[in-house]
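Chemist: Numbering of the sequence shown is given in UniProt numbering, commencing with residue 1 and proceeding in unit increments. Beta carbons are placed, not taken as given, at the ideal position from N, Cα and C, and that holds for glycine. Because the structure is a prediction, the values reported are computed rather than measured. So that we are looking at the same thing, I have put the structure below in structure tokens.
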Amino acid sequence: MSQHFKETPHNAISDSHIARVIPCKQLNMSDPFKWLVLALRDAQRAPVLTLFFGVVFAAIPWFITYLVQLTGWHLVIMPAIVCFILIGPFLAAGLYDVSWELEKNHVPSLWHSIKAIKRNAVNEWALGILLMVLMIFWLRIASVIHALYPPYLDENWENLLPFLAVGTVVGAGFTLLVFFISAFTQPILMERKVDLATAVLTSMHAVWTNKAPMMLWAFIILMSVLIGFATWFIGFVFLMPLIGYATWHGYIDTIETKRQRHFE
1 MSQHFKETPH NAISDSHIAR VIPCKQLNMS DPFKWLVLAL RDAQRAPVLT
51 LFFGVVFAAI PWFITYLVQL TGWHLVIMPA IVCFILIGPF LAAGLYDVSW
101 ELEKNHVPSL WHSIKAIKRN AVNEWALGIL LMVLMIFWLR IASVIHALYP
151 PYLDENWENL LPFLAVGTVV GAGFTLLVFF ISAFTQPILM ERKVDLATAV
201 LTSMHAVWTN KAPMMLWAFI ILMSVLIGFA TWFIGFVFLM PLIGYATWHG
251 YIDTIETKRQ RHFE
């Protein structure tokens with residue numbers, strides 16, 4: 001765990017009167033890679049659950065692609081990638097539970113992971129609704145971008161490039177916003193009895209305080225998603241559980257506690 005501490009800076013997030021903000025630690029650029037090493041260890045200790053959640057994460061983009069083939073709307077691929085990133089943090093609750101159980105030297109189970117969403121049910125479902133609203137909003141914007149594509153143009157690379165560029169820029173903005181909002185929100189809600197506003201503002205504060213290492217972590221997540229799509233979703237079977245486990249270790253490493261954790 002990173003042992004470098006930093007005083008909470010005065011900014012709009014930490015000074016918020018909406019909710020309290022849990023202090024965070026200062027991270028190093030090497031920390032995201034440490035989280036991945038710990039995640040790999042978790043995957044080796046719980047191979048069956050890792051495979052199960054990996055298949056679930058692979059099935060979601062497969063279904064999205066199937067819908068694309070039915071509709072013939074190829075420009076939906078980029079919105080689909082963004083939607084996958086939007087809903088990922090909420091769906092990863094089961095993976096966080098697996099890492100948490102392993103950290104406590106318990107034997108993780110599928111049923112225990114499924115029940116993870118009930119620990120702080122109201123606020124966790126509120127997070128899911130928030131991410132869903134953002135996803136719907138993004139899809140509406142993506143529809144507008146698609147509607148601007150002239151129907152008389154052939155769908156070749158030269159004609160598609162301007163629209164893909166616009167969609168990529170807008171999608172990157174949405175992805176960055178969601179990353180700030182949800183980087184550690186779900187783990188916070190799972191472990192602590194806090195409200196959604198506190199969890200979201202704490203996540204935003206942690207990302208803002210550790211811009212460089214957290215942007216590196218965001219880049220790793222993005223590359224994992226792109227690799228997953230490039231390998232026709234096979235990569236998701238391994239990469240998404242790894243990202244989920246690593247996120248939990250990132251949360252443990254980043255968000256402070258009043259008392260040191262003593263896992264039994």
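Taking the alpha helix (DSSP H) that aspartate 97 belongs to, which residues open and close that run?
Modeler: 93–103 is the extent of the alpha helix (DSSP H) around aspartate 97.
Chemist: From which residue to which residue does the alpha helix (DSSP H) around histidine 106 run?
Modeler: No alpha helix (DSSP H) contains histidine 106, which DSSP labels as neither H nor E.
Chemist: Would you mind sorting alanine 165 into buried or exposed? The rule is 16 or more other CB atoms within 10 Å of its CB.
Modeler: Result: exposed.
Chemist: Rounding to the nearest angstrom, what Cα-Cα distance links tyrosine 96 and proline 23 in this structure?
Modeler: Cα to Cα, tyrosine 96 sits roughly 21 Å from proline 23.
Chemist: Considering only residues of the same chain and omitting the five flanking positions on each side of asparagine 123, which have a CB-CB separation below 8 Å?
Modeler: Cβ neighbours of asparagine 123 beyond the five flanking positions: Leu189, Val194, Asp195, Leu196, Ala199.
Chemist: Start and end of the alpha helix (DSSP H) containing leucine 27?
Modeler: Unbroken run through leucine 27: none, as it is neither H nor E.
Chemist: Going by the DSSP bridge assignment, what does isoleucine 255 pair with across the sheet?
Modeler: For isoleucine 255, which the question treats as bridged, DSSP gives the partners Cys24.
Chemist: Is the beta carbon of serine 99 less than 8 Å from the beta carbon of tyrosine 245?
Modeler: The answer is yes: Cβ separation under 8 Å.
Chemist: Based on Cα-Cα distance, which residue from Phe233, Ile141, Val56 lies nearest to phenylalanine 163?
Modeler: That would be Ile141, whose Cα lies nearest to the Cα of phenylalanine 163.
Chemist: Can you tell me which of the three DSSP states lysine 193 falls into?
Modeler: The answer is coil: DSSP assigns lysine 193 none of H, G, I, E or B.
Chemist: If you draw a straight line from the alpha carbon of threonine 50 to that of arginine 119, how long is it in whole angstroms?
Modeler: Distance between the alpha carbons of threonine 50 and arginine 119 is about 21 Å.
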